[in-house]
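Student:
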Amino acid sequence: MSGKGTPATVAATRAKADFRLHTYEAAGNGASYGEEAADALGVPHERVFKTLVAAVDGTLTVGVVPVAGSLDLKALAAAVGGKKAAMADPRLAERTTGYVRGGISPLGQRRRLRTVVDSSATGHATVYVSAGRRGLQMELAPTELVALTDAVVAPIAARP
0 MSGKGTPATV AATRAKADFR LHTYEAAGNG ASYGEEAADA LGVPHERVFK TLVAAVDGTL
60 TVGVVPVAGS LDLKALAAAV GGKKAAMADP RLAERTTGYV RGGISPLGQR RRLRTVVDSS
120 ATGHATVYVS AGRRGLQMEL APTELVALTD AVVAPIAARP
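Be aware that the sequence shown starts at 0, since it is given in numbering that gives the first Met the number 0, and climbs by one per residue.
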């Protein structure tokens, strides 16, 4: 990767995390960035995780769930001791994290948000998350992801 990388790759490198970068051609149609990444990389949808920003009792919170499912807002709220959660306005999520929709990474955010990683991640040797831009995924062990984001691990994914 040329240049200094994305804030996500810089954060992972500074933390001496063990990760691999994978690039793919992003179509950018906005239908499902995560599924597009999984298909382009030939990775099962259960191993590619999307980063979603929600407001839990008014506090922005990140939920990291497999692209094969969706975020269970009630479970996310419960995981952080909250009562009510709603998806954050996309513009607010972009402004707060410093990333664009479809490229929001759980790592290297402009303002570090509390994070919850779906417990299904622990069933894989490695998982994929956005590395901070569309067309760039980071593969790392779930334990690394949890450590780098200081995340809570909980069942927050609603399965299809």
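Heads up, the beta-carbon is just placed ideally off N, CA and C, and yes, glycines get one too.
Owing to the predicted nature of the structure, the values given are computational and were not obtained by experimental measurement.
Taking 7 Å as the limit between beta carbons, can you name the residues of its chain near residue 81, skipping five residues before and five after?
Tutor: Only 55 and 56 meet the Cβ criterion.
Student: Specify whether the stretch 143-159 and the stretch 82-91 touch according to this definition: at least 3 beta carbon pairs, one from each stretch, less than 8 Å apart.
Tutor: At 8 Å Cβ cutoff, the stretches do not touch.
Student: Going by the CB atoms, is the gap between residue 151 and residue 61 shorter than 8 Å?
Tutor: Not closer than 8 Å, so no.
Student: Along the chain, where does the alpha helix (DSSP H) containing residue 127 start, and where does it finish?
Tutor: Taken as a continuous stretch (DSSP letters only), residue 127 belongs to no alpha helix (DSSP H), being part of the beta strand (DSSP E) at 126-132.
Student: Less than 8 Å between the CB atoms is what I'm expecting for residue 50 and residue 131, so what's the real figure, rounded?
Tutor: With a Cβ gap of about 10 Å, residue 50 and residue 131 do not count as contacting.
Student: Let me know the secondary structure DSSP gives residue 34 once reduced to three states.
Tutor: If DSSP states are grouped into helix, strand and coil, residue 34 belongs with the helices.
Student: Can you look up residue 9 in the DSSP assignment and give me helix, strand or coil?
Tutor: Residue 9 falls in the helix class under three-state DSSP.
Student: Tell me the DSSP secondary structure of residue 49 in three-state form.
Tutor: In this structure, residue 49 counts as strand in the three-state DSSP scheme.
Student: Give the straight-line distance between the Cα atoms of residue 44 and residue 133, rounded to the nearest whole angstrom.
Tutor: One C-alpha to the other measures close to 17 Å.
Student: Keeping to the same chain, check which residues put their C-beta closer than 7 Å to that of residue 39; ignore five residues upstream and five downstream.
Tutor: Closer than 7 Å at the Cβ level, and outside the excluded window around residue 39, lie 23 and 24.
Student: With DSSP as the reference, label residue 21 as helix, strand or coil.
Tutor: Here residue 21 sits in strand by DSSP.
Student: Helix, strand or coil: which one does DSSP assign to residue 122?
Tutor: Note: residue 122 maps to helix in three-state DSSP.
Student: Between 15, 93, 126 and 47, which lies nearest to residue 32 when the distance is taken from Cα to Cα?
Tutor: Selected option, being the one with the closest Cα: 47.
Student: Taking 7 Å as the cut-off, is the CB of residue 35 close to at least one heavy atom of the ligand GDP?
Tutor: Absence of the ligand GDP from the depicted structure is noted, as is the absence of any ligand whatsoever, leaving it without description.
Student: Are residue 107 and residue 10 touching if we call contact CB-CB under 8 Å?
Tutor: Yes, the pair counts as a contact, with Cβ atoms nearer than the cut-off.
Student: Determine the burial state of residue 124: buried for a count of at least 16 other Cβ atoms within 10 Å of its Cβ, exposed for fewer.
Tutor: Looking at its Cβ environment, which holds fewer than 16 other Cβ atoms inside 10 Å, residue 124 is exposed.
Student: Nearest-angstrom Cα distance between residue 105 and residue 113?
Tutor: About 10 Å.
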